[in-house]
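Asker:
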Amino acid sequence: MRPSKTIWVTQSLIVLNLLVYLAVLIFSNFHLSTLALITAGAKYGPSIYQGQWWRLVTAVFLHGNLEHLLMNMLTLYFIGGYIERFFGHSKMLALYFIGGIAGNIASLSFSPLTVSVGASGAVFALFGAFLMYGQFHRDNGPLWSLTRQFGLLILLNFIFIGANIDWQAHLGGLLAGYLMAYVLSYPDLASNCPPKSQRILAGLVLIIIYLLLYIKGLNY
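Take the sequence shown: its letter number 25 is residue 25 in UniProt numbering, and every next letter is one higher.
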């Protein structure tokens, strides 16, 4: 399987996020209050506790304001382009969704009463996938250099985290993306591909970690 040359999944996700933002903005009479975001499907512990688990998905496509949306979409276009070309369309989509859900589970676990929205967890999952990919291509000088630069930027992001930033979702997405990249493997690794047993083990670790976090989040 050759790396994809097109990034239609990334572009489609951006369009979908823009359309959802516009729809929620219209239905909220152009006032994106906390209540409006909860109604639209934001991550909110008490609602998830009542069985609305789908909020772990819908929250990924909601944004609190235009600046929040544009920042996430610009970053998604940048990192998503790399990941979709490296992994292909279906794996890119899986990384985005699983990373976004994992980020919201981490947020639920540590901040169950906080209303949270945004694609940041999913975007950080893509960065996590890039870090894993880069580790298997250390012989590629420019790629390995970019991997280290991304690693430094991610570290600085957590050190100088701003107010009202759901860092738990960022960290949860990052870890999930890193592990998922190992589980899914890559189309161009050939003989360098991790053994199937190790990839299965990584998948089990991923499931156990986020299952425990989800249970913790429901017992706040």
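From the three backbone atoms N, C-alpha and C, an ideal C-beta is built for every residue, glycine too.
Along the chain, where does the alpha helix (DSSP H) that runs through Phe30 open and close?
Answerer: Here residue 30 corresponds to residue number 30 of the sequence shown, with the count starting at 1. Careful: Phe30 lies outside any alpha helix (DSSP H) and carries neither H nor E.
Asker: How about Leu69 and Asn17: are their beta carbons less than 9 Å apart?
Answerer: Here residue 69 corresponds to residue number 69 of the sequence shown, with the count starting at 1. Here residue 17 corresponds to residue number 17 of the sequence shown, with the count starting at 1. Cβ atoms of Leu69 and Asn17: closer than 9 Å.
Asker: Which whole-angstrom value describes the C-beta separation of Phe130 and Thr147, a residue pair presumed to lie in contact below a C-beta threshold of 8 Å?
Answerer: For the purposes of this step, residue 130 is taken as the residue at position 130 of the sequence shown. For the purposes of this step, residue 147 is taken as the residue at position 147 of the sequence shown. About 7 Å; that satisfies the 8 Å criterion.
Asker: Roughly how many whole angstroms lie between the Cα atoms of Thr10 and Gly177?
Answerer: Here the question's residue 10 lines up with position 10 in the sequence shown. Here the question's residue 177 lines up with position 177 in the sequence shown. When rounded, the distance between both Cα atoms is 16 Å.
Asker: Would you check if there are 3 or more beta carbon pairs closer than 8 Å linking the stretch 204 to 219 to the stretch 108 to 117?
Answerer: yes
Asker: Mind listing, in chain order, the continuous alpha helix (DSSP H) runs of no fewer than 4 residues lying wholly within the stretch 122 to 166?
Answerer: 141 to 159
Asker: Write down the C-beta distance between Ser116 and Ala169 rounded to the nearest angstrom, noting that I regard them as a contact closer than 8 Å.
Answerer: As a working mapping, residue 116 is identified with position 116 in the sequence shown. As a working mapping, residue 169 is identified with position 169 in the sequence shown. Right, the Cβ-Cβ distance comes to about 6 Å (below 8 Å), so this counts as a contact.
Asker: Would you report the Cα separation of Ile83 and His137, rounded to the nearest angstrom?
Answerer: As a first step, residue 83 must be located in the sequence shown, where it is residue number 83. As a first step, residue 137 must be located in the sequence shown, where it is residue number 137. Cα-Cα distance, rounded: 14 Å.
Asker: Answer yes if the stretch 148 to 155 comes into contact with the stretch 199 to 207, meaning at least three C-beta pairs across the two stretches below 8 Å, and no otherwise.
Answerer: no
Asker: Helix, strand or coil for Ser120, going by three-state DSSP, please let me know.
Answerer: Residue numbering aside, residue 120 sits at position 120 when the sequence shown is read from its first letter. In the three-state reduction of the DSSP assignment, Ser120 falls in the helix class.
Asker: Which two residues bound the contiguous alpha helix (DSSP H) that contains Ala106?
Answerer: For the purposes of this step, residue 106 is identified with residue 106 of the sequence shown, where counting begins at 1. That run of the alpha helix (DSSP H) goes 89 to 110.
Asker: Closest to Phe61 by CA distance: which of Gln52, Gly173, Asn72 is it?
Answerer: For the purposes of this step, residue 61 is taken as the residue at position 61 of the sequence shown. Per the Cα distances, Asn72.
Asker: For Phe160, count neighbouring C-beta atoms within 10 Å of its own C-beta (all shown protein chains included) and say buried if the count is 16 or more, exposed if not.
Answerer: To locate residue 160, count along the sequence shown from 1; it is residue 160. That one is exposed.
Asker: Identify which residue in Ile14, Thr75, Leu179, Tyr49 has its Cα closest to the Cα of Met132.
Answerer: Looking up residue 132 in the sequence shown gives position 132. When each option's Cα is compared against that of Met132, the closest is Leu179.
Asker: Start and end of the alpha helix (DSSP H) containing Thr114?
Answerer: Translated into the one-based positions of the sequence shown, residue 114 becomes position 114. Neither: Thr114 is in no alpha helix (DSSP H) and is coded neither H nor E.
Asker: Around the Cβ of Phe158, are there at least 16 other Cβ atoms within 10 angstroms (buried) or fewer (exposed)?
Answerer: By one-based count along the sequence shown, residue 158 stands at place 158. Phe158 comes out exposed.
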